[in-house]
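Student: Sharing a structure, written as structure tokens. Questions coming.
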């Protein structure tokens, strides 16, 4: 329950973002988040493919975002090195990479990996008002352990935190 509370608090602090649990039932849920970034799509894309610079280390297996990497091509990996055990973990597999436009990953993020679920993470970039509107949709389905009504907003809150990290990094000059 502590994780759910922390995620709800993170969601409440993310004022420039619009986020919601779009749908949920016993075996699936869908979240959607949108943020306006004051940078063109090309800059946002370059930031997006560097998760080691904007993803929260609190939501990694190693505890340090510098261990994240993303190979932005079909079949590429959104992965993390685990230096303490000389291992690694796959967060998602790239299904579609359209530079400056969209990225789709297939994978169960974080604690969802321990469940018999699959996830589709779609990140769309659209030019808007001199910047970029970024929409993140995550659809998870399968044998979800626990209360979907509590899990879905918690996952949404974590994704909102990451999206805000992307916004802050993309808006920082000289990345």
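In mature numbering (1 follows the signal peptide of the UniProt record, and there is no 0), the protein residues as written are -19 to -1, 1 to 156.
The C-beta atom is built at its ideal place from N, Cα and C for all residues, glycine as well.
A quick note: this is a predicted structure, and the numbers were derived from the prediction, not measured.
Using the C-alpha atoms, what's the distance from residue 138 back to residue -9?
Tutor: Any answer about residue -9 is weak, because its pLDDT of 37 lies below 50 and its placement is not dependable; what the coordinates show is given next. Straight-line Cα distance between these residues: approximately 5 Å.
Student: Tell me the DSSP bridge mates of residue -2?
Tutor: Note: residue -2 sits in a beta bridge opposite 15.
Student: Let's test the definition: count the other Cβ atoms within 10 Å of the Cβ of residue 61 and tell me whether it reaches 16, buried, or not, exposed.
Tutor: Residue 61 should be labelled buried.
Student: Is it buried or exposed for residue 147, if we count other Cβ within 10 angstroms and need 16 for buried?
Tutor: Under this definition residue 147 is a buried residue.
Student: Please report the distance separating the alpha-carbon of residue 20 from that of residue 52.
Tutor: Between residue 20 and residue 52, the C-alpha separation is close to 22 Å.
Student: Compare the Cα-Cα distances from residue 157 to each of 34, 126, 113 and 56 and report the closest residue.
Tutor: Because the chain in this structure spans residues -19 to 156, residue 157 falls outside the shown range and cannot be described.
Student: Per DSSP, what kind of secondary structure is residue 151 in: helix, strand or coil?
Tutor: Helix at residue 151.
Student: What are the boundary residues of the alpha helix (DSSP H) that includes residue 28?
Tutor: Here the alpha helix (DSSP H) through residue 28 covers 22 to 29.
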